[in-house]
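There are 2 protein chains.
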Amino acid sequence: MDSEKKISPAVINRLPRYYRYLGDLLESDITRISSKELSAKMNITASQIRQDLNNFGGFGQQGYGYNVEYLYNEIKKILGLDRMYNMIVIGGGNIGQALVNYTNFEKRGFVIKAVFDINPRLVGMTIRGIEVYDVDMMEEYVKTHDVDVAILTLPRSQAVKVANDLAKWGVKGMWNFSHVDLQVPDDVLVENVHLTDSLMTLLYKINEMYSEENDLHHLNNGLPVKQKQAEEDEENQD
Amino acid sequence: MDSEKKISPAVINRLPRYYRYLGDLLESDITRISSKELSAKMNITASQIRQDLNNFGGFGQQGYGYNVEYLYNEIKKILGLDRMYNMIVIGGGNIGQALVNYTNFEKRGFVIKAVFDINPRLVGMTIRGIEVYDVDMMEEYVKTHDVDVAILTLPRSQAVKVANDLAKWGVKGMWNFSHVDLQVPDDVLVENVHLTDSLMTLLYKINEMYSEENDLHHLNNGLPVKQKQAEEDEENQD
DNA sequence: GCACGCCTGTTATTTTATTGTCAACAATAA
DNA sequence: TTATTGTTGACAATAAAATAACAGGCGTGC
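In C-alpha cells:
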C-alpha cells in the first residue's frame, strides 16, 4: 500500500528548501503559486519543481498551480515535521553548547533532552535548563528513554565508539558533527555535518576563482608563485 | 597554460574527505596506497578514486599506487590549504561564538580576525582574544583589511543585506550559516551550511525507515499512531 | 636484468539527475 | 456556453556522475 518507489537523495535534500520557501510565502499571505513563479524565486527549473513534488503525489492543479498552505503542510508531513523528536547531545563543547542554546530547534519540535560529556567540570551543570550528565550515564539513559537523534559533537577519537554504542542501544539517527566517518549498522541513519570540509570546498572555489583571474588578466609577469612551489615539492619527492 | 577543464562539484566536495583519509594514513606511517585499498577504507569505488584524482593530474604510478605523503600534499595545494586565510564572523551569537572558539581552524590556517555584532552588550568584549566590533565598523574594517571569508551567523532578516554589502566591499567568500539563500554577485562565492535543512533530511530518513518497518513487519496491529495523526491533519486542511 | 603481475590513467558503459516538451484539463473571459 | 489561457503531470531528451573495462607502464621477485 505504502510501497512507493525509492525517492532519490537529490530530491530529499531539496525538500527542506521547498519547505522554507513555502513557509515564507505563507507568511506573505500568498495563497497559490505556480511552478513557474516558484522557479523564479528559487532558481530551480519549473520542470524540476514539478517532478520533485510529483514524487510524493499530485499536489497541484492544472490551470491553478499549487495551494501554498496545502503544499506546505504536505511537505511538512513528508519530512516528518508534524511530530516531536527527542534528541541528546554527546559532547558539551563549543558546538554542542551552541546547538543546545539554539532555541529555534525547540520551536520546530526538535527537543534536546540531555547533554553528555566526559569533562567533570561540565557534568552536573545545566545549559538552558538541560542537564549535563557523565557519559557513563548514557547507556542507562538511552535504554530508558526514547531517543530519536543523537547529536555527536565529540573528538574524532571517541566518536566512532560512542556512535556504535548508541546505535546498539537503540538511537535511531545520528547527526554527526565529528570530523570522522561513522561506521554504524544499516538501520541507523547518519547525517554528517562536516564543517571543516564545507569550509575547505569554499576555499577551493575562492582559490580557483582567484587563479582564473590571474590567468585571464595575466597579472603575474613572472612565474606564478604557487606553481613554482609545486615544482619544488615535486623535486622533494622520493 | 593553466586552463584545465571545469572540475565537477561532486568531485570538489569529495576532496576534503580524501584529504582527511590521507592525513590519517600519513599519521599511521603508511607510505603508499592503491586506489583499491583506499576504496575499501572510504567506501568509494576504486574507479571513482582514480577518476577523481586524475582530474588534477596523474599522481599515482602503475604497479605502485599513490605515495601517501605526495598525494596528501598535492590535495592540500589543490584545496589551497598551503596558505592562511583571514576570516571575520558576522553575528556573535551561539554559533558565531562556537566557531570563534573552535581552535582547530587556526591550526589549519583559517584565522578569525574579528567578530561583528549589533548587540551593545557584546561589542567591546573579546572572545578568545578576538575583538567584537559594532557592525557599523564593518565597512571600514573590510575595506582596510584583506578578508578572505566572512562567516555569516546572523538572523535571516539581516543576512541578505549584510552579505550584499560585504560582497560589494571586497570579501571573497561567504560561509553562510544563516537560514536563507543569499543573492550576491557572481564573483563572490557562497558555501551554505543550513543546519536545520540537514537535520530535516535526517528526520525524513528516520521516518522513512520507521514507516518501512511498519510496512514490512506489521508491528502495529491497529492503526499506526502516526498515520492516524496524518489523517487528522489532512482533515484540518481547508 | 627479465618476466610477471599489479595498478594506474583513460576510454566506454551504465546509472542517475536535470531539463524540455506536450497532451489534458482547470480557470477565466467572452 | 464556448474559446482562450495557464499550468500540471507524464514522458522524452539531454546532461552529469558513477562504475566498469582495459591497455600498457612499472615495481617486484627471481
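Sequences listed follow chains L and X, in order. If you're matching positions, the first sequence starts at 262 in our numbering and goes up one per residue. If you're matching positions, the second sequence starts at 262 in our numbering and goes up one per residue. A virtual CB, placed ideally from N, CA and C, is assigned to each residue, including glycine.
- When 9 Å is used as the limit between beta carbons, I351 (chain X) is near no residue of chain L, the shortest such separation being about 15 Å.
- In the DSSP assignment, L450 (chain L) falls within the beta strand (DSSP E) that extends over L450 to N453.
- Beyond the five residues adjoining it in sequence on each side, E401 (chain X) comes within less than 7 Å, by CB distance, of no other residue in the same chain.
- For N355 (chain X), no beta strand (DSSP E) run applies; the uninterrupted alpha helix (DSSP H) run containing it begins and ends at N355 to N362, by DSSP.
- Against chain X, a Cβ distance below 7 Å from F320 (chain L) picks out nothing, because the smallest value is about 11 Å.
- Cβ proximity to chain X below 7 Å picks out D458, S459, L460, M461, T462, L463, L464, Y465, K466, I467 and N468 from the segment 458 to 469 of chain L.
- With a threshold of 9 Å between beta carbons, N425 (chain X) makes no contact with chain L.
- Taking 9 Å as the threshold, the shortest C-beta distance from A375 (chain X) to chain L does not fall below it.
- The distance from the Cβ of A411 (chain X) to that of I356 (chain L) is about 19 Å, inconsistent with a contact at the 8 Å cut-off.
- In this chain, D378 (chain L) is not harboured by any alpha helix (DSSP H); it is covered by the beta strand (DSSP E) spanning F371 to D378.
- Chain L places a beta carbon closer than 9 Å to that of R369 (chain X), counting this residue as a contact.
- Taking L456 (chain X) as reference, the option from L:D442, L:F377 and L:N437 with the minimal CA-CA separation is L:N437.
- Remark: three or more beta-carbon pairs, one from each stretch, lie closer than 8 Å, so the segment 326 to 337 of chain X and the segment 287 to 301 of chain X are flagged as touching.
- If you look at D285 (chain X), you'll find it in the alpha helix (DSSP H) that goes P270 to E288.
- Between the alpha carbons of N380 (chain L) and F371 (chain L) lies a distance of about 25 Å.
- What E452 (chain X) touches in chain L, judged by beta-carbon distance under 8 Å, is S459, L460, T462, L463 and K466, going in chain order.
- Residue burial is scored here from C-beta neighbours: G352 (chain X) has at least 16 other C-beta atoms within 10 angstroms and is therefore classed as buried.
- Annotation for D426 (chain X): the continuous alpha helix (DSSP H) segment containing it runs R417 to W430.
- In its chain, beyond the 5 residues on either side, G353, V376, D378, L383, V384 and M386 have a beta carbon closer than 6 Å to the beta carbon of V393 (chain X).
- Taken in chain order, the members of the segment 402 to 416 of chain L whose beta-carbon sits within less than 7 Å of a beta-carbon on chain X are D409 and V410.
- A distance below 7 Å between beta-carbons, with the five flanking residues on each side excluded, links I291 (chain X) to the following residues of its chain, in chain order: V329.
- Assignment of M386 (chain L) by DSSP, reduced to helix, strand and coil, places it in the coil class.
- The beta carbon of N347 (chain L) is closer than 8 Å to those of V372, K374, H406, D407, V408, D409 and V410 in its chain, skipping five residues each way along the sequence.
- Of the candidates L:G341, L:R281, L:I294 and L:L286, the residue whose Cα lies closest to the Cα of Y465 (chain X) is L:G341.
- Each residue's CA atom was taken as its position, placing E288 (chain L) and Y279 (chain L) some 14 Å apart.
- The beta carbon of I273 (chain X) falls within 9 Å of a beta carbon belonging to chain L, placing the residue at that interface.
- Think of a sphere of 9 Å around the beta carbon of R281 (chain X): the chain L residues whose beta carbon falls inside it are H440, V441, D442, H455, T457 and D458, in chain order.
- With at least 16 other beta carbons inside 10 angstroms of its own, M461 (chain X) counts as buried.
- The beta carbon of W436 (chain L) sits closer than 9 Å to some beta carbon of chain X.
- Rounded to the nearest whole angstrom, the C-alpha separation of K338 (chain X) and E469 (chain L) is 11 Å.
- Here the alpha carbon of I336 (chain L) sits roughly 13 Å from the alpha carbon of G321 (chain L).
- Residues F377 of the same chain have their beta carbon placed closer than 6 Å to that of M399 (chain L), with the five preceding and five following residues left out of the count.
- Residues of chain X whose Cβ lies closer than 9 Å to the Cβ of R278 (chain L) are, in chain order, D442, H455 and D458.
- With contacts defined by Cβ atoms closer than 9 Å, V451 (chain L) and W430 (chain L) do not form a contacting pair.
- Closer than 9 Å to the CB of I356 (chain L) there is at least one CB belonging to chain X.
- Taking a Cβ-Cβ threshold of 8 Å, the residues of chain X close to D448 (chain L) are M470, in chain order.
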